[in-house]
Structure formats: C-alpha cells, structure tokens
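Counting from 257, one number per residue, gives the positions in the sequence shown under our numbering.
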Amino acid sequence: KIKEKSGTLPTILLADDDDINHMVFKNFLGAFEVDIHSVYNGKQALQKIQERKSMGPEHQYISVFLDVEMPIMGGIQCAREIKALVDSRQIPNLPIIGQSGHGGQEEIQKCRQAGMTHYLQKPIAKDKLIELLADLLPK
257 KIKEKSGTLP TILLADDDDI NHMVFKNFLG AFEVDIHSVY NGKQALQKIQ
307 ERKSMGPEHQ YISVFLDVEM PIMGGIQCAR EIKALVDSRQ IPNLPIIGQS
357 GHGGQEEIQK CRQAGMTHYL QKPIAKDKLI ELLADLLPK
C-alpha cells in the first residue's frame, strides 16, 4: 500500500463501457491504496484528464486503463489524443493500458501504435493487473 508524500492517494483513470468490468477492476485493486476514477468512454476520459491539467503533480493520474472498444470514443482514438497531450507537454507522461477481449498480435500492435504502453487481455487476470499496477505506482 503506497501513499504519496502529500497524503493524497495515487489516482487511476478507468474507461470502460461495462459496469461489471468496473466492479471487477475495483475489486482486484482493493488491496492497494489508490483512488479509481471511472468513466464510460474515451471522451469522458479526456475530459477528466483535461480537468486535472492545471492541478499540481500530486493530482495527476498515474495511469489510464482504456477499453479498446467503447461507444462515442474508443480506446484507440483516446490513446492517440492522450499521447498528443503528452507529446505537446500539456500533461506529464501518462502510462496508457489498453484492455480488450481480442488478444491477437494485430490488436496489440494497433494499441501500441496508438500510444498504449501496456496491454491486458480480457477477462483480465488479477495477478497480471496487480503486477502491472505495482510497477506503475510511485515508489
């Protein structure tokens, strides 16, 4: 369990259009002291990221988990837009983790090309999610 020096919890952004996936994700990460902000599409994820742009570093997301296929704006488009914000230095570097039920190399490559740094295949294995989060949390 890790808390940042400021006393605020590290915060993760989860964008997924399925309520069950939100519940599973939060259940899996219950052992960690993290805040999880949940949204249902890429447009909402970008809005949340934009809202935090002007806040201090302790309020920035430590990572964003994006479902690849969502209504309004999917994970691929959202990842491209987040990467553009990072590249233009509007926001700090933000690990982007793609999530999809499709596990082929083509899907993984598409995610990487969009700027996703990691990929998890659904259904997400608890041990893989915890291992990834442990690597992403501030030390």
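Virtual Cβ for every residue (Gly too), placed ideally from N, Cα, C.
Values in this document were obtained by computation on a predicted structure and should not be read as measured data.
Could you check if residue 269 belongs to the surroundings of the ligand COA, using beta carbon to heavy atom distance under 7 Å?
Absence of the ligand COA is noted for the structure shown, with no ligands found whatsoever.
Does the distance from the C-beta atom of residue 352 to that of residue 332 stay below 8 Å?
no
Flag this pair as yes or no: are the beta carbons of residue 356 and residue 384 separated by less than 8 Å?
no
Does DSSP classify residue 275 as helix, strand or coil?
helix
Excluding the 5 residues preceding and the 5 following residue 260 in the sequence, name in chain order all residues of the same chain whose CB lies nearer than 7 Å to its CB.
Note on residue 260: pLDDT 38, under 50, position unreliable in the model; no value is reported.
Under the assumption that residue 292 contacts residue 268 (Cβ atoms under 8 Å), give the Cβ distance between them as a whole number of angstroms.
Your pair residue 292 and residue 268 checks out as a contact, with CB atoms roughly 5 Å apart and the cut at 8 Å.
Can you pull the DSSP bridge partners for residue 319?
The bridge partners DSSP lists for residue 319 are 268.
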